[in-house]
Amino acid sequence: MKHWFKMTLCCMIATLGLHAYSAKGMVAYKKLCKQCHGSGFKGAAMCESEEWEAYFFDAAKQLKKVHAKDAKAKKVFDSGYFKRHFESLGKFLQNNGRDMGVVRSCDGMNCG
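The opening position of the sequence shown corresponds to residue 18 in our numbering, with each subsequent residue numbered one higher.
Put into structure tokens, the structure is as follows:
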């Protein structure tokens with residue numbers, strides 16, 4: 018019984034950790050956004066989580082609209098990498114928005 022309880026507790030903690038910090042999203046941010054918006058945590062703090070959700074709704078239509086006059090950004094949005102990873106990027110930004118309290122720390126490999 019104790020073993021089952023420990024296993025369940027570990028799974029719950031791991032699930033919460035994965036939800037709170039999106040490593041794939043951090044990597045996507047570093048490749049796509051860092052050059053213009055700074056570190057991942059600085060960039061995520063530009064908006065609140067609900068704002069990020071709105072930006073990434075409908076295949077990031079609103080985000081693309083905000084960057085419409087920037088040729089460099091248009092090239093990023095047209096890339097296959099963005100099309101494959103925009104959901105992870107959106108999740109990372111939502112989970113680390115300025116209204117989320119303490120920003121999750123870097124894990125050493127993905128520090129932004």
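All C-beta atoms, glycine included, are put in the ideal place defined by N, C-alpha and C.
Inside the region 63 to 117, DSSP marks whole alpha helix (DSSP H) runs of 4 or more residues at positions 66 to 83, 88 to 95 and 97 to 112, from first to last along the chain.
Between Gly107 and Ser66, the C-beta spacing is not below 8 Å. Classified as exposed, Phe74 has fewer than 16 neighbouring CB atoms from the shown chains inside 10 Å of its CB. CA-CA distance, His102 to Lys86, rounds to 22 Å. By the C-beta density criterion, Met43 is buried, having at least 16 other C-beta atoms within 10 angstroms.
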